[in-house]
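Undergrad:
Protein chains in written order, with our numbering: chain A, 1 to 437; chain B, 1 to 449.
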């Protein structure tokens with residue numbers, strides 16, 4: 001059987017990757033808002049994604065957490081419906097809306113059945129443009145946010161990421177958790193919430209992705225209806241963040257048999273000429289799946305962790321190359337050494353031809369498989385626009401990946417991977433680790 | 001906001017699911033392997049899954065965690081491929097792969113371009129019988145599962161509490177034993193234990209092949225006959241006869257204190273019937289009962305009364321596990337506002353239940369839930385992978401094609417009277433387990449950064 005298997009695998013390696021079959025329409029609404037649409041009427045609903053760039057970084061220092069809490073309040077009453085009546089109305093249409101906050105954007109995702117789309121759109125419009133911010137809802141959501149903050153303060157993964165950001169970003173908004181602190185959240189007023197609403201949700205910062213059972217003309221009218229009354233312009237975004245963290249280890253004592261390690265250093269801009277090379281490099285270093293250097297060396301060969309990965313953070317104001325894993329307190333020091341060795345090895349020696357080829361086969365083969373559902377596609381369309389990439393990227397993207405050469409990878413590894421700058425925040429009670437720097 | 005809080009507490013809300021039958025074809029190979037094909041040509045991809053009708057509840061006493069350990073070891077060498085090569089070939093073909101273990105099933109899946117389906121079957125069929133349990137690999141991988149337990153369970157007060165609650169709820173059935181295993185037994189799991197478990201259960205007549213995506217039933221049949229067809233059936237596949245529960249006659253209490261607890265809460269759990277082949281009406285009524293009492297969002301009775309009207313709770317919900325091989329659990333959770341004692345939070349849950357039993361159902365709420373269930377058939381079609389996974393879960397918990405296809409109709413036929421009858425049977429003076437997850441009384445200093 002072995003021969004047959006190898007032949008089959010060999011043949012499959014050289015088969016052409018499947019190609020993405022979606023067609024993206026660039027739609028401009030009568031009111032001038034642009035949107036990307038993949039129309040597909042096979043299932044009678046539409047998925048919509050509205051990304052408003054800016055996000056929690058727009059919070060004033062004294063009102064940290066305002067944007068996060070404001071987004072939580074959008075579903076707590078709007079127009080002439082209080083929180084209970086609003087929730088019942090959405091339920092009654094079997095629509096689903098989610099209102100999420102991130103560092104660089106707030107996101108509204110919606111699914112609406114074709115059979116009652118207009119009524120669902122009325123409800124979504126009300127949440128986005130005329131939320132009530134009733135006092136009882138504010139107090140209820142404030143209680144929930146405070147519980148989340150308390151929970152995060154006892155969650156080693158949350159502590160690790162928060163500590164890393166606090167060390168790296170000084171006074172920049174990136175240094176702070178978007179939920180705010182117990183103190184700032186306790187002090188948030190109705191005025192703070194209203195101000196956050198006016199700043200975060202504006203027409204000039206909106207990106208729209210749509211997929212499903214809707215025509216371009218219908219979509220244009222729908223988004224004008226939903227967004228029509230929002231303010232036109234948003235306040236300026238913060239300046240890019242300086243990454244102040246240098247190499248070393250920071251230990252945060254936490255009562256747990258296992259330590260969480262969150263690590264990284266500066267990354268690479270999305271529009272850097274070497275971005276695609278860095279993208280492939282990260283796939284080899286610690287991208288998804290079991291085949292990365294880090295998974296192979298730390299988990300598969302040594303059993304030091306259940307999972308380890310690295311990722312290119314494309315945070316708008318400070319890109320990073322970050323990673324995370326958990327190891328028992330007596331093993332985490334050894335695991336950190338292995339990570340540093342891999343970092344140094346790739347920086348010095350680059351990757352092998354085999355690693356390059358395997359990563360590119362994976363990345364080009366996997367890409368067209370992503371476009372497999374309305375909700376997924378709507379999200380991808382919004383993400384593409386947020387990255388300022390054109391519609392034809394869907395067709396050309398695999399060619400960009402395939403164009404990355406071994407030499408590109410060697411160059412970008414030497415430039416990007418700096419083992420001496422790698423900082424580890426370790427949350428737990430690690431043995432034999434001395435906090436450096 | 002509620003969902004984010006539930007996530008932070010490890011209490012996720014379960015969406016209502018009543019998947020559409022869609023375009024589904026079922027057949028059997030001559031060796032007894034069941035095959036289900038779900039066709040969806042929206043993307044040029046397939047999900048290829050093999051599910052075994054074996055899980056953690058089928059383990060021998062003293063070997064907790066072996067089902068999950070074998071799942072990990074299935075990615076090592078066979079007589080044909082090297083350790084790790086399985087995933088390497090999948091990734092080199094642009095696919096992704098993984099596996100999962102529950103009390104009732106163990107599943108393996110790959111998602112990949114549709115024209116690589118034969119290769120996936122070839123490799124999956126190979127490891128069904130020809131996996132090699134190498135002592136060195138076994139030792140390394142045992143470290144990995146111990147790290148997995150440390151990460152997922154030992155590092156989380158909520159996960160440890162859930163583990164204790166299940167152990168208390170099930171007096172005799174192995175549903176009370178954690179899937180990952182008890183640490184002291186995991187440390188002793190051997191190569192021979194893995195080999196023996198695999199020898200008993202990993203056969204085509206104990207497996208279900210599910211292929212979902214851009215492929216026809218005829219194509220799947222031809223490939224399945226080529227790759228899985230030659231594997232002989234096991235003549236000695238044991239029945240899945242687990243120890244069963246005696247009558248529950250005594251209430252039990254679990255008190256767990258951990259300094260990592262941020263938001264103390266109370267949980268009340270009791271045994272409940274599940275979907276049975278040819279008999280799903282009671283489970284359907286309980287699904288709707290759980291929605292009415294404490295399903296998603298703030299319109300459920302518990303959330304409306306305790307969170308919104310009385311402002312005594314941060315989060316209150318009900319959970320019901322309808323799809324399980326043996327009877328499983330119905331549970332209520334209440335995270336009180338800071339300062340409210342857990343005793344009061346516990347009494348609040350019973351008070352709302354009593355009110356429900358005496359006041360009955362809000363018919364408008366009932367109608368909304370029924371409409372959502374109908375709509376979920378439309379939304380579920382958007383994720384073929386999700387459909388495939390649901391079919392696998394339903395088939396491995398003992399349901400048949402007819403049961404699965406009739407489930408939406410059975411849910412649709414439930415009346416308010418059915419729900420009240422089921423509620424009275426379940427919730428009138430039930431024997432139950434009450435759990436309190438607490439912080440130490442002398443609160444330790446804030447964990448700071």
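Every residue, glycine too, gets a C-beta built ideally from N, C-alpha and C.
Just the chain B side, please: which residues come within less than 8 Å of residue 328 of chain A by C-beta, in chain order?
TA: Those are 146, 147 and 150, listed as they occur along chain B.
Undergrad: Check residue 432 of chain B in the structure and name its three-state DSSP category.
TA: Coil, per DSSP.
Undergrad: Taking only beta-carbon atoms, is residue 378 of chain B less than 8 Å away from chain A?
TA: So yes, residue 378 of chain B belongs to the interface.
Undergrad: Assuming contact is defined by CB atoms lying nearer than 8 Å, are residue 424 of chain B and residue 332 of chain B in contact in what I supplied?
TA: Contact flag unset, no.
Undergrad: Between B/163, B/169, B/399 and B/121, which has its C-alpha nearest residue 180 of chain B's C-alpha?
TA: When each option's Cα is compared against that of residue 180 of chain B, the closest is B/163.
Undergrad: Along chain A, in chain order, which residues have C-beta atoms closer than 7 Å to that of residue 318 of chain B?
TA: Result: empty, since nearest Cβ-Cβ is about 16 Å, beyond 7 Å.
Undergrad: In chain B, what lies closer than 7 Å to residue 258 of chain A by C-beta?
TA: Neighbours of residue 258 of chain A on chain B, chain order: 150, 151, 154 and 155.
Undergrad: Quick one: grab the DSSP three-state call for residue 131 of chain A.
TA: Three-state DSSP puts residue 131 of chain A in a strand.
Undergrad: Please confirm if residue 337 of chain A has its CB atom under 8 Å from at least one CB of chain B.
TA: Chain B contact via Cβ: absent.
Undergrad: For a test of the three-state rule: what should DSSP assign to residue 69 of chain A, helix, strand or coil?
TA: Looking at residue 69 of chain A - three-state DSSP - the assignment turns out to be helix.
Undergrad: Name the residues in the stretch 297-319 of chain A whose C-beta lies less than 9 Å from a C-beta of chain B; which are they?
TA: Those residues of the stretch 297-319 of chain A that come within reach of chain B (Cβ to Cβ, closer than 9 Å) are 299, 300, 301, 302, 303, 304, 305, 306 and 307.
Undergrad: State buried or exposed for residue 253 of chain B, treating a residue as buried only when at least 16 other CB atoms are found within 10 Å of its CB.
TA: Result: exposed.
Undergrad: Tell me whether the beta-carbon of residue 172 of chain B lies closer than 8 Å to the beta-carbon of residue 243 of chain B.
TA: Yes, the pair counts as a contact, with Cβ atoms nearer than the cut-off.
Undergrad: Residue 102 of chain A to residue 178 of chain A, Cα distance in whole Å?
TA: Their Cα atoms are separated by approximately 7 Å.
Undergrad: Closer than 8 Å between beta carbons: that is the criterion. Which residues of the stretch 31-49 of chain A meet it against chain B?
TA: Listed by position, the residues of the stretch 31-49 of chain A near chain B (Cβ gap below 8 Å) are 40, 42, 43, 44, 45 and 47.
Undergrad: To the nearest angstrom, report how far apart residue 193 of chain B and residue 63 of chain B are at their CA atoms.
TA: Cα-Cα distance, rounded: 8 Å.
Undergrad: Where does residue 279 of chain B sit, in a helix, a strand or coil, going by DSSP?
TA: In the structure shown, residue 279 of chain B sits in a strand (DSSP, three-state: E or B).
Undergrad: Assuming the contact rule is C-beta atoms closer than 8 Å, residue 258 of chain A and residue 156 of chain B should be a hit. Round their C-beta distance to whole Å, please.
TA: The Cβ separation is near 10 Å, so there is no contact.
Undergrad: For residue 455 of chain B and residue 248 of chain B, what's the separation of their Cα atoms in angstroms?
TA: Residue 455 of chain B lies beyond the range of chain B shown here (1 to 449); nothing can be said about it.
Undergrad: How would you list, in chain order, the residues of chain B whose beta-carbon sits under 7 Å from the beta-carbon of residue 371 of chain A?
TA: Neighbours of residue 371 of chain A on chain B, chain order: 43.
Undergrad: Does residue 361 of chain A come within less than 8 Å of chain B when only Cβ atoms are used?
TA: Yes, its Cβ sits closer than 8 Å to a Cβ of chain B.
Undergrad: Just to confirm, are residue 182 of chain A and residue 427 of chain A a CB contact at a threshold of 8 Å?
TA: In this structure, residue 427 of chain A does not lie closer than 8 Å to residue 182 of chain A by Cβ.
Undergrad: Against residue 324 of chain A, what residues of chain B qualify as contacts under a CB-to-CB distance less than 7 Å, listed in chain order?
TA: Correct list: empty, because the minimum Cβ distance to chain B is about 11 Å.
Undergrad: What residues from the stretch 89-115 of chain A come within 7 Å of chain B, judged by C-beta to C-beta, listed N to C?
TA: So the close ones are 91, 92, 94, 111 and 113.
Undergrad: Roughly how many angstroms separate the alpha carbons of residue 362 of chain A and residue 381 of chain A, rounded to a whole number?
TA: Cα to Cα, residue 362 of chain A sits roughly 22 Å from residue 381 of chain A.
Undergrad: Apply the 10 Å Cβ neighbour rule to residue 446 of chain B and answer buried if 16 or more other Cβ atoms are within range, or exposed otherwise.
TA: In this prediction, residue 446 of chain B scores a pLDDT of 42, lower than 50, which makes its location untrustworthy; the coordinate-derived value is nonetheless stated afterwards. Counting Cβ neighbours within 10 Å, residue 446 of chain B comes out exposed, since fewer than 16 surround it.
Undergrad: Starting from residue 364 of chain A, find everything on chain B with Cβ-Cβ shorter than 9 Å and list it in chain order.
TA: The contacting residues are 94.
Undergrad: If we ignore side chains and look at the alpha-carbon of each, how far apart do residue 206 of chain B and residue 351 of chain B end up?
TA: One C-alpha to the other measures close to 46 Å.
Undergrad: Hey, quick one: how far does the alpha helix (DSSP H) through residue 358 of chain A stretch, first residue to last?
TA: That run of the alpha helix (DSSP H) goes 353-366.
Undergrad: Nearest chain B C-beta to residue 290 of chain A closer than 8 Å, yes or no?
TA: True, the Cβ-Cβ gap to chain B drops below 8 Å.
Undergrad: Going by Cα to Cα distance, which pick from A/324, A/79 and A/115 is closest to residue 95 of chain A?
TA: Comparing Cα-Cα distances from residue 95 of chain A to each of A/324, A/79 and A/115, the minimum goes to A/115.
Undergrad: Using the Cα positions of residue 344 of chain B and residue 130 of chain B, report the straight-line distance between them to the nearest angstrom.
TA: So the two alpha carbons sit approximately 57 Å from each other.
Undergrad: What does the Cβ neighbour count give for residue 393 of chain A, buried or exposed, with the cut at 16 atoms within 10 Å?
TA: It is exposed - the Cβ of residue 393 of chain A has fewer than 16 other Cβ atoms within 10 Å.
Undergrad: Go ahead and pull the three-state DSSP assignment for residue 361 of chain B.
TA: DSSP places residue 361 of chain B in coil when its eight states are reduced to three.
Undergrad: I'd like the span of the beta strand (DSSP E) that includes residue 328 of chain B, first residue to last.
TA: From DSSP, the beta strand (DSSP E) with residue 328 of chain B extends over 328-336.
Undergrad: Along the chain, where does the alpha helix (DSSP H) that runs through residue 409 of chain B open and close?
TA: Its alpha helix (DSSP H) spans residues 401-413.
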